[in-house]
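**Student:** Below are the structure tokens for one structure; questions will follow.
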Amino acid sequence: MEERNIQSTAPGDDNISIIENVNIQVVQDTMSKIQQFQALVQKNLKQNHDYGIIPGSNKPTLLKPGAEKILMLLGLTSEYELIERVHDYEKGFFAFTIRAKLYRGQQLITEGVGHCNTREKKYRYHDPYTLANTCLKMAKKRALVDATLTVASLSDVFTQDLEDIDIASVEEDKSEAEDIEDEETITRAQAKRLYAISNGNVDLIKKVMERYGYKRSDEIKKIHYDKIAAEIENELNQVIKEGDYRGASIRH
1 MEERNIQSTA PGDDNISIIE NVNIQVVQDT MSKIQQFQAL VQKNLKQNHD
51 YGIIPGSNKP TLLKPGAEKI LMLLGLTSEY ELIERVHDYE KGFFAFTIRA
101 KLYRGQQLIT EGVGHCNTRE KKYRYHDPYT LANTCLKMAK KRALVDATLT
151 VASLSDVFTQ DLEDIDIASV EEDKSEAEDI EDEETITRAQ AKRLYAISNG
201 NVDLIKKVME RYGYKRSDEI KKIHYDKIAA EIENELNQVI KEGDYRGASI
251 RH
């Protein structure tokens, strides 16, 4: 067997000394620029929109709008890759892991990873079958923030602790809540209100629903509810105004 002559090197040897090969002036200039950029970011980002303050935390939490502003300042663009996807329709479990890639032109600068699933605390008591798209969006947001904190040297300024984001009372949570609500269908009370608005004109309700791709009122998503209600009311008023309203369409 061939024996190899392995030489140990003590700390401080020239062949492994990285510090001695560093240009201290360049390092000082770089650190100064990083500090200036951090100050610029802190000055221009808006609380409760670009970042949130979590009670008991010593760092603010960077949110998606803030991350996007930082990338714009740095002249970077983002690209996303789906690393993992779980769709378990029997158990109602959906999970996504996303990789965010940041580029300057065609050059890859850094990457970040984000994950979200329907068993997280904030989603646990919602209908999981309406949350798949919401979780996908959240995984993308987390990946983007992760990459941004790295590339902008902002880890000592902001945090992206998962639990912090989940409990933060900021615009991000409001946005997520709106996403969840938009995916949910209207309540029975809202369906009854459509019937009342139409003055019992079932044909009119069906006509308006079909424009949005619905055949039954219990299929209507909340995101479309106000528009459908407004159209029903406007068309009913128009029919009455033109004198074409017929009692045959009314159910008692």
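Read left to right, the sequence shown gives residues 1 to 252 (the UniProt record's numbering). Using N, Cα and C, we set each Cβ at its ideal position, and we do this for glycine too.
1. Ends of the beta strand (DSSP E) at Asn234?
2. Would you mind sorting Asn201 into buried or exposed? The rule is 16 or more other CB atoms within 10 Å of its CB.
3. Below 8 Å, how does it come out for the region 192-209 and the region 217-235: are there three or more Cβ pairs, yes or no?
4. Considering Cα atoms alone, identify which of Gln36, Met31, Glu68 is closest to His49.
5. Look at Thr185 and Ile220 and say whether their C-beta atoms are less than 8 Å apart.
6. By how many angstroms is the C-alpha of Ala147 removed from the C-alpha of Thr61?
7. Between the alpha carbons of Ala143 and Ala100, how many angstroms are there, rounded?
8. Would you tell me roughly how many angstroms separate the C-alpha atoms of Arg193 and Asp88, rounded to the nearest one?
9. On the CB-based measure, 16 or more other CB atoms within 10 Å of its CB, does Gly114 come out buried or exposed?
10. Tell me where the alpha helix (DSSP H) around Glu79 begins and ends.
11. State yes or no: is the C-beta of Ile98 within less than 8 Å of the C-beta of Ala152?
12. What three-state label does DSSP hand Arg124 in the structure shown?
13. Any idea if Lys241 is buried or exposed, counting beta-carbon neighbours within 10 angstroms, 16 or more meaning buried?
14. I'd like to check one pair, Cys135 with Phe93: are the Cβ atoms closer than 8 Å?
15. What is the residue span of the beta strand (DSSP E) that residue 328 lies within?
16. Just to confirm, is the Cβ distance from Ser78 to Leu45 under 8 Å?
17. Can you give me the Cβ contacts of Gly75 inside the same chain, cut-off strictly under 8 Å, excluding the 5 residues immediately before and after it?
**Tutor:** For this structure:
1. Run containing Asn234: none in the beta strand (DSSP E); it sits in the alpha helix (DSSP H), 222-242.
2. buried
3. yes
4. Glu68
5. yes
6. 14 Å
7. 5 Å
8. 35 Å
9. buried
10. It is not in any alpha helix (DSSP H) - Glu79 instead sits in the beta strand (DSSP E) that spans 77-88.
11. no
12. coil
13. exposed
14. no
15. With the chain represented from 1 up to 252, any question about residue 328 goes unanswered, as that position is not in the structure.
16. no
17. Arg104
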